[in-house]
Amino acid sequence: MRKLVIAISMLALAASAAFADPILDRQALMKERGKIVGGISKVVKGEEPFDAAAVLTALQALQANAEKVDVDALFPAGSDTGDTTAAPKIWEDMPGFKAANDKFIADVKAATAAAPADVDTLKAQFDTIASNCGTCHQTYRVKKG
Amino acid sequence: MPWLKKLVGALVVLGGVGAVAGWVLSAPVRLDSETLAKLGPGDAARGKRIFYAGGCTSCHAKPGSQGDARLQLVGGLALKTPFGTFVPPNISQDAKDGIGAWSVEDLANAMLKGVSPSGEHLYPAFPYASYARMKPGDIADLYAFLKTLPAVAGKAPGNSLTFPFNIRRGIGLWKRLYLGDQPVVSLPEGTPDPVMAGRYLVEGPGHCGECHTPRDFAGGTKKSEWLAGAVAAEGSGVVPNITSGEGGIGNWSEADIANYLETGFTPDFDAVGGAMVDVQKNMAELTAGDRAAIAAYLKVVPPHPNGYPARKKTAN
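Sequence order for the protein chains is A and B. First residue of the first sequence: 1, per my numbering; consecutive thereafter. First residue of the second sequence: 146, per my numbering; consecutive thereafter.
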C-alpha cells in the first residue's frame with residue numbers, strides 16, 4: 001500500500017513536472033486549436049460534406065480547448081521570455097488580453113449551443129469565431145525567427 | 146605663404162562645388178509631361194481594387210478602427226523605427242487637413258516620385274519606392290476612388306525624426322539610389338500572364354517588399370534578398386521569408402498562399418498576426434484572380450534563406 005502511494009505520488013510529480021512549463025502548455029493548446037479549426041474550415045469551404053453530428057463534436061472539442069485557456073495559469077508573470085512568441089503586450093495589457101480570450105470562449109460557446117444544422121449557419125458562426133484569431137494575434141503575438 | 150592661400154582657395158572651391166552638386170542632386174524631381182499624359186480620366190470602380198491592393202487603410206485609417214470606419218483616412222498610426230517615429234498624415238478628402246484639394250497630378254507625383262504638392266520630398270516610410278512601379282492609369286483610378294471617400298477633419302501629429310533623417314532634402318540623394326520604375330524580378334519572354342500580374346501587384350501597389358525585404362544601412366531594400374524576410378521595423382519581431390528558400394514558404398502551394406490571403410489561415414491553421422492582419426483584410430477584398438496572381442508570382446521569386454538572424458534561444 002505504501003509503495004502504491006509512493007508510486008502514485010511520484011507519477012503525480014512527474015505529471016506536474018511535465019506540465020509545469022506554461023509556454024509548452026499554451027503552445028500545445030494553440031496547436032490543438034489550429035487542428036480543430038482546420039477541420040471545421042474544410043466543411044465550411046465545402047471540401048468535406050456537412051455532417052451536423054460531426055460538426056457539433058468538433059465545436060465541442062473547440063469549446064473544451066478554449067475553456068482550458070486559463071490566462072492566469074498559462075501566462076504567468078515571467079513567462080514572457082524564453083522560447084515564446086507571446087507579445088510583451090499581453091503583460092502590459094492583461095485586462096485587454098483576458099477580454100480577447102473571453103470573447104473567443106463566448107463565441108465558441110454560442111456556436112456550440114446553436115448546434116448548426118446547415119453549412120450556411122456554420123459558416124456564419126465559423127467566421128465569427130475565426131475573426132478572433134487575427135484580432136488577437138495582431139496585438140498579442142509577435143513573429144520571431 | 147602663397148601655397149596655403151592656394152590650398153584654402155582650392156578647398157573653398159571644392160567645397161562649393163560639392164555643396165552645389167549635392168543641392169542639385171538632392172532636388173525633388175516631379176513627373177514629366179509624358180507620364181502625366183498617361184494618367185487618363187480615372188475610374189472609381191477600378192480604383193477600389195487599387196485602393197485595397199495598395200493597403201492605404203493599413204497606415205492611414207484611424208488606429209484601431211473597424212469596418213466602414215477604416216475608410217476615414219485620418220492617419221495617425223505611429224510607426225516607430227530606428228530613424229525616428231513616422232506618423233502617416235490625413236489623406237481623407239478634407240481640403241484643409243487631408244488631400245481633398247490635391248489634383249490627380251499631385252497624387253501621381255506623391256506616389257510615383259515621392260514629391261508633395263508644395264515640392265518637398267516625402268519620406269519613403271510612405272512606400273513610393275514600390276508605388277513608383279505603378280501604371281499612371283492606376284493612380285488616376287485610385288484618385289477617382291479616393292474622391293468617393295469621406296472628408297474627415299483633424300491633422301495627425303508630425304513625424305519626430307532624429308538627425309540627419311529630419312533633413313528632407315537628404316531624401317533626394319536616397320531617391321537617386323533607390324527610386325525607379327523598373328521591376329525587381331526580371332521575368333523572361335513568354336512568362337504566363339498571372340505571374341506578370343502578380344509581379345505588378347506585389348512589387349508595385351502591394352508594396353510587399355517594404356516589410357518582407359531586409360534593408361541596407363541607408364534604409365533601402367536589398368534587391369539581392371528580395372522578399373527574404375526581415376527584422377521588423379517596429380518592435381522585437383521579424384517579418385517572414387516569403388520566397389521558397391530555406392525558412393520560407395516553399396512548401397506552400399499556390400492555393401495555400403491564395404487561401405492565406407483570403408482567410409488569414411496558414412496551411413497548418415496558424416492564423417495571421419501582427420501588421421499582416423490588416424494587410425490580409427485588404428487582400429481579402431481583391432478578386433480570387435488577383436490573389437492567385439500574387440501566389441503565382443511568389444512561387445517564381447528567386448529563393449533566399451531568411452533575411453533575418455536566427456532566433457537566440459534563451460535558457461529558461
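Note that beta-carbon positions come from the ideal geometry of N, C-alpha and C, so glycine has one too. In this text the structure is predicted, and so the values were computed from the model without any measurement.
Next on the checklist: Please list the terminal residues of the continuous alpha helix (DSSP H) segment that includes Gly38(A).
Outcome noted: Pro22 to Val44
Checklist entry - Ordered along the chain, which non-local residues of its own chain (more than five positions away) have a Cβ less than 8 Å from that of Leu170(B)? => result Gly317, Leu318 and Arg321
Checklist entry - Assuming Gly365(B) contacts Asn451(B) under a Cβ cut-off of 8 Å, what Cβ separation, rounded to an integer in Å, is found between them? => result Not really, about 19 Å apart at Cβ, beyond 8 Å.
Checklist entry - Does DSSP put Phe50(A) in a helix, in a strand, or in coil? => result coil
Next on the checklist: Against Arg141(A), what residues of chain B qualify as contacts under a CB-to-CB distance less than 8 Å, listed in chain order?
Outcome noted: Gly418 and Gly419
Next on the checklist: Our contact map puts Tyr197(B) next to Asn427(B) with C-beta atoms below 8 Å; I'd like the distance itself, whole angstroms only.
Outcome noted: 5 Å
Item to check | N- and C-terminal bounds of the alpha helix (DSSP H) containing Thr128(A) | outcome: Residues Val119 to Tyr140.
Checklist entry - Shorter than 8 Å from the beta carbon of Lys35(A) to some beta carbon of chain B? => result Interface residue, yes.
Item to check | contact_flag[the stretch 37-47 of chain A, the stretch 81-100 of chain A] where n(CB pairs < 8 Å) is 3 or more | outcome: no
Next on the checklist: Classify Arg436(B): buried if its beta carbon has 16 or more other beta carbons within 10 angstroms, exposed otherwise.
Outcome noted: buried
Checklist entry - Opposite Leu224(B) in the DSSP bridges: which residues? => result Phe231(B)
Item to check | Nonlocal neighbours in the same chain, by C-beta distance under 6 Å from Lys42(A), ignoring five residues either side | outcome: Glu48
Item to check | Own chain partners of Phe231(B) with C-beta closer than 7 Å, once the 5 adjacent residues on each side are dropped | outcome: Leu224, Tyr268, Ala270 and Asn304
Checklist entry - How should Leu443(B) be labelled, buried or exposed, when 16 other C-beta atoms within 10 angstroms of its C-beta is the threshold for buried? => result buried
Next on the checklist: Please list, in chain order, the chain A residues whose beta carbon lies closer than 7 Å to that of Gly380(B).
Outcome noted: Val142
Checklist entry - Expressed to the nearest angstrom, what Euclidean distance is found between the alpha-carbon atoms of Ala182(B) and Ser261(B)? => result 19 Å
Checklist entry - By Cβ distance, which residues of its chain are closer than 7 Å to Gly390(B), with the 5 residues on each side in sequence left out? => result Excluding positions up to five away in sequence, the list reads Ala373, Pro448, His449 and Pro450.
Next on the checklist: Report the CB separation of Leu184(B) from Ala285(B) in whole angstroms; it is logged as a contact under 8 Å.
Outcome noted: 4 Å
Next on the checklist: Counting only beta-carbon separations shorter than 8 Å, does Gln138(A) have a partner in chain B?
Outcome noted: Contact of Gln138(A) with chain B is assigned, a C-beta pair being separated by under 8 Å.
Checklist entry - Across which residues does DSSP place Ser305(B) in a beta bridge pair? => result Thr230(B)
Checklist entry - What residue from Lys144(A), Pro88(A) and Val71(A) has the CA that sits closest to Phe104(A)'s CA? => result For the options Lys144(A), Pro88(A) and Val71(A), the alpha carbon positioned closest to that of Phe104(A) is the one of Val71(A).
Checklist entry - Rounded to a whole number of angstroms, what is the C-alpha to C-alpha distance between Gly259(B) and Val55(A)? => result 52 Å
Checklist entry - Between the stretch 439-457 of chain B and chain A, which residues of the former have a C-beta closer than 8 Å to a C-beta of the latter? => result Asn451, Tyr453, Pro454, Ala455 and Arg456
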